[in-house]
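Participant: Below you will find the structure I want to go over with you.
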Amino acid sequence: MGFLSRKWVWTTLASLTLLGNAQAAIVDLGDYTTDTDTGLTWLDVNRTSDWSHNQVSQYLGDGNALAGYSDWRYATSAELNTLLGHFGLNAVSGLQGNTHAQQDNDLLLSAMTLLGITRDFGNGRGADLTGLLGDVNSDNGAATTYWVATLHYNSPPSNAFSQLHSGNQSGSTSHTNMGSFLVRTSPVPIPAALPLFASALGLFGLLSWKRRTSAQA
């Protein structure tokens with residue numbers, strides 16, 4: 592069986608879940624992921640890898656476009672926490688730098704795969720999704736710093752976690768393995784009665800990531 596693409600898996604899951612009647616669904620749209628409960632569409636974080644907050648901000652607002660849309664904005668940690676909950680993941684209870692939530696390894700990997708992994712350790716060893724948020728860490732008049740959120744998957748399965756405030760960066764700092772969490776409000780593209788069941792979602796993330804890393808070995 593070949594590599595499982597996001598599009599193929601989403602089509603299969605959609606056909607399997609048409610019988611459901613949930614109010615919220617996580618919808619994979621390629622480079623975007625829509626949460627029908629909040630009405631927010633999330634741009635894959637790795638689309639902005641190695642871009643600083645200042646660089647990304649140049650493409651936000653009227654007259655500019657990023658990935659075909661001009662109404663992106665930075666997501667807040669509260670919005671990210673809500674999204675992770677809709678993936679079936681544990682919420683982070685606090686926002687201190689050392690506060691994190693332990694997660695189911697496969698379910699977290701599924702969410703990371705849809706949202707855009709920013710660092711793959713290779714050979715099936717693990718992966719990170721790290722991105723800038725709109726939350727300001729400090730603004731002392733000289734330099735504004737913004738909070739960074741991290742989702743971490745580890746293999747063999749252990750110590751998978753999400754951390755909303757894992758660090759902070761100045762507006763001019765960029766890293767190859769860090770992007771930005773960007774959202775826009777958009778109409779729900781398909782009926783909201785298409786939930787991604789956690790078991791199927793976990794299978795998708797696990798298989799797609801492991802097949803890719805096995806091919807690299």
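Quick note: the sequence shown uses the working numbering, first residue 592, plus one each step. Where is the CB? At the ideal position from N, CA and C, for every residue including glycine.
1) Please state whether the Cβ-Cβ distance between S765 and S643 is less than 8 Å.
2) Which residues share a DSSP beta bridge with S761?
3) How should R716 be labelled, buried or exposed, when 16 other C-beta atoms within 10 angstroms of its C-beta is the threshold for buried?
4) Just checking my contact of S658 with D622 at CB under 8 Å: how many whole Å lie between their CB atoms?
5) Can you give me the C-alpha to C-alpha distance between D695 and R710, rounded to a whole angstrom?
6) Of all the options N745, R664 and A740, which has the alpha carbon lying nearest to the alpha carbon of G713?
7) According to DSSP, which residues form a beta bridge with V727?
8) Near N728, which residues of its chain fall below 7 Å by C-beta distance, leaving aside the five closest residues on each side in sequence?
Facilitator: Quick answer:
1) For S765 and S643, yes; Cβs fall inside 8 Å.
2) Bridge pairing for S761: T736 [DSSP].
3) Exposed is the label assigned to R716, since fewer than 16 other Cβ atoms lie within 10 Å of its Cβ.
4) The sequence given here places Ala at residue 658; Ser does not occur at that position. The beta-carbon distance between A658 and D622, rounded to whole angstroms, is 6 Å. This is short enough to meet the 8 Å contact definition.
5) Rounded to whole angstroms, D695 to R710 spans 19 Å at the Cα level.
6) The candidate whose alpha carbon is nearest that of G713 is N745.
7) V727 is bridged to Y737.
8) The answer, listed in chain order, is T736, Y737, W738 and N759.
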